[in-house]
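Shown next, in structure tokens, is the structure this report addresses.
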Ligand SMILES: [Zn+2]
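Numbering (the working numbering), first residue to last: 8 to 295.
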């Protein structure tokens, strides 16, 4: 199930060369929601009680291995300014107040509907300036490293003023984002799709997470445990060590064990959820 290896085509696209990737698609394109609309499923991430974990180091990329890719290490970077669809309507920078499960959002940035590496037409695409900048920057990293690959589908962020956003338990203060999993097929996705270890593009997913990890702004990532396992095994297969991955992943400790930055949460087989730390400028009113 986890016999996954990463390779690079001449065009720079990530392609999977394991047997699992040549198997027929099994999900048949299960469209549980239009990404333009509110999510219709429970986003089982609440947990204001989740204990924030310390910042962790980005695992160094293994040296080139047969079948693997050589990529530059992430260096120092300055996060570009967010591109907000409502920039001219705002009267100042955003502010995230309170907790993700009981907070609010002021002067939000509405994420531009598309950009390098992503599309987002969810009407509740409001977030902090920092959240939008992080999402756009990580998407652009993926697009640059995998030219021609399909864009990420960015779904729910927060409502215009934040606050309760059913069916979500969190997403209240502009620091949460739902993103469809990168998949191995080349079709441009239009919504979240149920994803399995057989069609998860683990390499592109890791590129996104690696970029976000490098910023030190990532608080938690929630994803289905089986997909977490597939990603973890893919990383081991290309040379990452268990010691490197231990601080990042809950896997293989079990889906209920409060360990790692990447955690299992119900309802995350068709998208993963990233939660960012409070922007420094919004502390202490923003609460992690
Ligand atoms: Zn979510």
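Cβ atoms here follow ideal geometry from the backbone N, Cα and C, with glycine treated the same way.
N-terminal and C-terminal residue of the alpha helix (DSSP H) that residue i is part of
{"i": "residue 211", "result": "209-222"}
Residue range of the beta strand (DSSP E) that includes residue i
{"i": "residue 187", "result": "183-187"}
{"i": "residue 111", "result": "111-113"}
{"i": "residue 102", "result": "102-104"}
Burial state of residue i (16 or more Cβ within 10 Å)
{"i": "residue 189", "result": "buried"}
{"i": "residue 249", "result": "exposed"}
{"i": "residue 181", "result": "buried"}
{"i": "residue 132", "result": "buried"}
{"i": "residue 171", "result": "exposed"}
{"i": "residue 130", "result": "exposed"}
{"i": "residue 166", "result": "buried"}
{"i": "residue 88", "result": "exposed"}
{"i": "residue 6", "result": "Here the chain comprises residues numbered 8 to 295, so residue 6 is not present and cannot be evaluated."}
{"i": "residue 59", "result": "exposed"}
{"i": "residue 110", "result": "buried"}
{"i": "residue 231", "result": "buried"}
{"i": "residue 242", "result": "buried"}
{"i": "residue 246", "result": "exposed"}
{"i": "residue 260", "result": "exposed"}
{"i": "residue 176", "result": "buried"}
{"i": "residue 218", "result": "buried"}
{"i": "residue 291", "result": "exposed"}
{"i": "residue 216", "result": "buried"}
{"i": "residue 179", "result": "buried"}
Which listed residue (the options) has its alpha carbon closest to that of residue i
{"i": "residue 193", "options": "165, 177 and 153", "result": "153"}
{"i": "residue 116", "options": "125, 94, 127 and 108", "result": "94"}
{"i": "residue 119", "options": "87, 92, 270 and 266", "result": "92"}
{"i": "residue 224", "options": "173, 147, 140 and 148", "result": "140"}
{"i": "residue 268", "options": "124, 159, 227 and 59", "result": "227"}
{"i": "residue 159", "options": "292, 263 and 196", "result": "196"}
{"i": "residue 283", "options": "108, 184 and 66", "result": "184"}
{"i": "residue 151", "options": "216, 124 and 107", "result": "124"}
{"i": "residue 234", "options": "198, 255 and 275", "result": "275"}
{"i": "residue 65", "options": "104, 255, 199 and 144", "result": "255"}
{"i": "residue 108", "options": "191, 271 and 169", "result": "169"}
{"i": "residue 144", "options": "236, 222 and 69", "result": "222"}
{"i": "residue 286", "options": "257, 100 and 207", "result": "100"}
{"i": "residue 68", "options": "213, 105, 134 and 61", "result": "213"}
Starting from the N-terminal side, write out each stretch of the alpha helix (DSSP H) that is 4 residues or longer and does not extend beyond the region 135-204. 136-152
* 4-residue-minimum alpha helix (DSSP H) runs that sit fully inside the region 211-288, ordered along the chain -> 232-244 and 249-252
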